[in-house]
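Since the structure comes first, as structure tokens, the remarks are kept for the end.
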Amino acid sequence: MRIELQNFTKRFGDTTVIEDMSLSVASGEMIALLGPSGCGKSTTLFAISGIHRIDGGTLHFGDRDVTRLPPQDRPVGVVFQNYALYPHMSVADNIGFPLRVQNLKPAEIKRRVGEMAELVQIGNLLARKPQQLSGGQQQRVALARALVRKPDVLLLDEPLANLDAKLRLEMRSEIRRLQRETGITAILVTHDQIEAMSMCDRIALMKDGRIEQISTPGDMYERPASRYVAGFLGNPPISFLRAEAKGQLTIGADNALPLPHGTAARGPITLGVRPEHFGPQHRGPSIAGQVSFIEPQGREDLIDVTLPCDQRLRAIVPAGHDIALGQPVTWQVDLSRVHLFDAEGARL
Amino acid sequence: MNTKGNWMLILALSLISAPLVIMYGFQLIDSVSRPAPGGIIPQEWELTNWRFLWTSIDSARPSIWRVTFNTFVFASATALLVCAFSITAAYALSRLNFPARRFFLAGLIMLHAFPTITLIIAIFIVLQFLGLYDSLMGVILVKAALELPFGIWIMKGFYDSVPWEIEMAGVQDGASRFRVWRELILPQVKPGLSALLIFSFLAGWSEFILPLVLAPGADAQVLATYMNAVIADDTRPDYGLFKAIGMFYALPVIAVYLLFQKRLMNIYGGGTKG
Ligand SMILES: Nc1ncnc2c1ncn2[C@@H]1O[C@H](COP(=O)(O)OP(=O)(O)OP(=O)(O)O)[C@@H](O)[C@H]1O
Ligand SMILES: [Mg+2]
Chain A
1 MRIELQNFTK RFGDTTVIED MSLSVASGEM IALLGPSGCG KSTTLFAISG IHRIDGGTLH
61 FGDRDVTRLP PQDRPVGVVF QNYALYPHMS VADNIGFPLR VQNLKPAEIK RRVGEMAELV
121 QIGNLLARKP QQLSGGQQQR VALARALVRK PDVLLLDEPL ANLDAKLRLE MRSEIRRLQR
181 ETGITAILVT HDQIEAMSMC DRIALMKDGR IEQISTPGDM YERPASRYVA GFLGNPPISF
241 LRAEAKGQLT IGADNALPLP HGTAARGPIT LGVRPEHFGP QHRGPSIAGQ VSFIEPQGRE
301 DLIDVTLPCD QRLRAIVPAG HDIALGQPVT WQVDLSRVHL FDAEGARL
Chain B
1 MNTKGNWMLI LALSLISAPL VIMYGFQLID SVSRPAPGGI IPQEWELTNW RFLWTSIDSA
61 RPSIWRVTFN TFVFASATAL LVCAFSITAA YALSRLNFPA RRFFLAGLIM LHAFPTITLI
121 IAIFIVLQFL GLYDSLMGVI LVKAALELPF GIWIMKGFYD SVPWEIEMAG VQDGASRFRV
181 WRELILPQVK PGLSALLIFS FLAGWSEFIL PLVLAPGADA QVLATYMNAV IADDTRPDYG
241 LFKAIGMFYA LPVIAVYLLF QKRLMNIYGG GTKG
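So the protein lines, in turn, are chains A and B. The UniProt record's numbering puts the first residue of the first sequence at 1, with every later residue one more than the last. The UniProt record's numbering puts the first residue of the second sequence at 1, with every later residue one more than the last.
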């Protein structure tokens, strides 16, 4: 089911949280709403689910206008950050609740609850109460309950935030598997870029109630639309250098790079270099500085290089090098992969 | 160290509560015995003080069972009314955004702290006007109304501790707001509800002033006013009888406390744990 949100505006009292936002999600697609805390991800999600009334704009599921539909009538399943399981009901009753509301026959409910439990692999836990489950199991129950009505849209609000690191990895692929198997259109809210990149077909990166860029994870990583996007994606993060674009790209007094192809001479700009595009193992023009920090990571090391102008570049260098702290180095930059942003932060 | 600390604590608590325990003990012993005049050591065991249970102690008075029944009806009706209104009003105050919500909340706190006895004249006039003066029904309504602010306040606390998401999840699962309340929210506040039920029952059971002023007739007499009549009417007060009736009056309260201690504690915890 295609989701089409147009010119969406949401206010709480006098504060406008989201203004004039448009988002369309293709049928069967899984999209991430990614952004820092307070940027309006949950607000957007709950507007789509119907819990928040929207103050402006329209929402369509397929060709159907659902803007004014109450949440009960929207074909939407929601997984909440704290799972919101009903504590007094068994797992089976939790999953079956949406079906009981529809007044289905007990036998039918039992069959569909069983099916759903198998799908999320908790068939042996049906008699338990939520308090008797681990975080990951609770998460699965919440997923089953959201999906049991066979909704057209699945909304997930930070579903992995309460899990420990190992479970998070497991549930990441689990949620993606379920989404693929059911072919449901899904929106995932997260502030974790790795989650967004690894689980979703596309990412909508939000900032202050606006969508900054919407694209596939690969494209967004390779071609960030702004300095903000470039800084949000990537771990370890990209390094930014203040530079001057004249005949050359000068960085401080001592370093200069040739202007990347097609860049006009202009005033001050920001140069963004990802750590995997700088280091002794690359080819291209070089930048000189002094090693100021080494962080071993096992397979590779993270090395900070401080330039004479006191700006920093980070490099990923394969382990087994003999670089020492304080050593002066002149390393290469992969010039075809660097990003340039103007003074306002827009991509050049 | 810890066990020693515990013993010290128990000792201190015993010392403080000893006078109460001794008083209760003597109340019981006195009611079934006759001490030597001026002494406190029981001399003879006898049940004459408890005669009110099987004979009429005074032809003008209703039987004790009739009065006990009245008290029971008064206390339970009050408790049920308080609970019925509290669970709905508190839900609205906790969850729904309606006009003048803040005003109602503020009013609730004020009423909770209000010395209700100052209202008694006004209530008297209202009851008289409604034709409910000197009827059990009238006192029940008044007592329930006066207990309501407390009940609503307590229940609101319990509702506030139920996460919003449960409600949103229920709505998203397709249930109406009412069904969400009944099937998903109400079970979470059940501990509070049972505590409130017991509390308002006990409050009704021990109420004295309201029945005394608003239902002085013999038909609507409750145990508290009955005792008052026994001690006040007689030219020669029978303290033994009075003690026995007092004992009889207190027994249900003690039983309720023993049985429901745990649930009563919930009201102070305010949590959702059973
Ligand atoms: N009920 C509300 N009343 C007033 N303001 C609200 C309300 N809900 C959210 N907001 C405000 O709207 C903004 C966006 O909130 P939202 O919950 O959508 O953020 P979010 O992106 O989900 O953040 P997080 O990652 O912390 O969950 C925040 O500034 C928040 O303070
Ligand atoms: Mg949120």
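All residues carry an ideal CB built from backbone N, CA and C; glycine is no exception.
Problem - Identity of the residue in B:I117, B:W205, B:I29 and B:P237 nearest B:A79 by Cα - result: Minimum Cα distance to B:A79 is reached at B:W205.
Problem - Burial state of B:G138 (16 or more Cβ within 10 Å) - result: Per the 10 Å Cβ criterion, buried.
Problem - Min CB distance A:P87 to chain B below 8 Å - result: Judged by the 8 Å Cβ criterion, A:P87 is in contact with chain B.
Problem - One or two residues paired with A:I203 in a DSSP bridge - result: The partner list for A:I203 (beta bridge, DSSP) reads A:A32 and A:S215.
Practice task
Name the two residues that bound the continuous beta strand (DSSP E) containing A:N7.
Solution key: Where A:N7 is concerned, the enclosing beta strand (DSSP E) stretches over I3 to F12.
Practice task
Drop a sphere of 10 angstroms on the beta-carbon of A:A319, count the other beta-carbons inside from all chains shown, and report buried for 16 or more, exposed for fewer.
Solution key: It counts as exposed.
Problem - Where B:E207 falls: helix, strand or coil (DSSP) - result: Here DSSP, grouped into helix, strand and coil, assigns B:E207 to coil.
Problem - For A:D201 and A:L59, the rounded distance between their alpha carbons - result: Going by the C-alpha atoms only, they are around 21 Å apart.
Problem - Neighbour flag for B:L193 against chain A, beta carbons, 8 Å - result: No, B:L193 lies away from the interface with chain A (no Cβ there is under 8 Å from its Cβ).
Problem - Beta-carbon proximity of A:P275 to A:L335, cut-off 8 Å - result: Contact: no.
Exercise for the section: Inspect the beta-carbon positions of A:G50 and A:K41 and report whether they are closer than 8 Å. Expected result: Contact flag unset, no.
Exercise for the section: Taking only beta-carbon positions, decide if A:Q138 is within less than 8 Å of chain B. Expected result: It does not; no Cβ of chain B falls within 8 Å.
Practice task
Would you identify the three-state DSSP class for A:D254, choosing helix, strand or coil?
Solution key: Residue state, collapsed to three classes: coil.
Exercise for the section: Please work out which residues of its chain come closer than 6 Å, Cβ to Cβ, to A:P75, disregarding the five sequence neighbours upstream and downstream, and give them in chain order. Expected result: Contacts found: P151 and D152.
Handout entry: In DSSP terms, what residue 277 of chain B is bridged to
Key = The shown model of chain B, from 1 to 274, leaves out residue 277 of chain B, and the question about it has no answer.
Handout entry: 8 Å Cβ cutoff met for A:V79 and A:L125
Key = No Cβ-Cβ contact shorter than 8 Å links A:V79 with A:L125.
Exercise for the section: Look up A:G209 in the DSSP assignment and say whether it is helix, strand or coil. Expected result: Per DSSP, reduced to three states, the secondary structure at A:G209 is coil, with no helix or strand assignment.
Handout entry: Sheet register partners of A:S239 (DSSP bridge)
Key = In the DSSP secondary-structure assignment, A:S239 is bridged to A:V273.
Problem - Closer than 8 Å to chain A by CB, B:A169 - result: Yes, its Cβ sits closer than 8 Å to a Cβ of chain A.
Practice task
Using a Cβ-Cβ cut-off of 8 Å, state whether A:S37 counts as contacting chain B.
Solution key: So, not an interface residue.
Problem - Contacts of residue 349 of chain A in chain B (Cβ-Cβ under 7 Å) - result: In the structure displayed, chain A extends from 1 to 348; residue 349 of chain A sits before or after that span and is not available.
Practice task
Could you tell me which chain A residues have their CB closer than 9 Å to the CB of B:D160, listed as they occur along the chain?
Solution key: Those within 9 Å of B:D160 in chain A number zero; the least Cβ separation is about 16 Å.
Exercise for the section: Using a Cβ cut-off of 9 Å, pull out every chain B residue sitting near A:F293, in sequence order please. Expected result: By Cβ distance, chain B contributes nothing, its closest Cβ being about 43 Å from A:F293, past 9 Å.
Practice task
Flag A:V17 as yes when its Cβ comes closer than 7 Å to any non-hydrogen atom of ligand 1, and as no otherwise.
Solution key: In this structure, A:V17 has its beta carbon less than 7 Å from a heavy atom of ligand 1.
Exercise for the section: Could you tell me whether the Cβ atoms of A:P308 and A:D254 are closer together than 8 Å? Expected result: A:P308 is a Cβ neighbour of A:D254, given a cutoff of 8 Å.
Exercise for the section: Verify the CB distance criterion: does B:P163 have a CB-CB separation below 8 Å to chain A? Expected result: Answer yes: the Cβ-Cβ gap between B:P163 and chain A drops below 8 Å somewhere.
Problem - Backbone CA spacing between A:A84 and A:P236 [nearest angstrom] - result: Separation of A:A84 and A:P236 (C-alpha to C-alpha, rounded to the nearest whole angstrom) is 34 Å.
Practice task
Flag this pair as touching only if the region 173-192 of chain B and the region 108-116 of chain B have three or more C-beta atom pairs under 8 Å; answer yes or no.
Solution key: Of all C-beta pairs linking the region 173-192 of chain B to the region 108-116 of chain B, fewer than three are shorter than 8 Å, placing the two stretches out of contact.
Problem - Neighbouring residues, chain C, relative to A:I51 (Cβ below 8 Å) - result: Absent from the structure: chain C. Protein chains present are A and B.
Exercise for the section: Out of B:W50, B:M155 and B:T88, state which residue places its alpha-carbon closest to the alpha-carbon of B:N266. Expected result: Nearest C-alpha to B:N266: B:M155.
Handout entry: DSSP beta-bridge partners of A:F293
Key = Its beta-bridge partners are A:D304.
Handout entry: Partners in chain A for B:I184, counting only beta-carbon separations shorter than 9 Å
Key = Reading off the sequence, residue 184 of chain B comes out as Leu, not Ile. Per Cβ cutoff of 9 Å: Y86, H88, M89 and F97.
Problem - Burial state of A:T263, where buried means 16 or more other Cβ atoms lie within 10 Å - result: By the Cβ neighbour-count rule, A:T263 is exposed, with fewer than 16 other Cβ atoms within 10 Å of its own.
Exercise for the section: For the region 106-167 of chain A, list the alpha helix (DSSP H) runs that are entirely contained and at least 4 residues long, ordered along the chain. Expected result: Correct list: 106-119 and 135-147.
Practice task
Run the proximity test for A:T43: is its beta-carbon closer than 7 Å to any non-hydrogen atom belonging to ligand 1?
Solution key: True, at least one ligand heavy atom lies under 7 Å from that Cβ.
Problem - Three-state class that DSSP yields for A:T44 in the structure shown - result: Helix.
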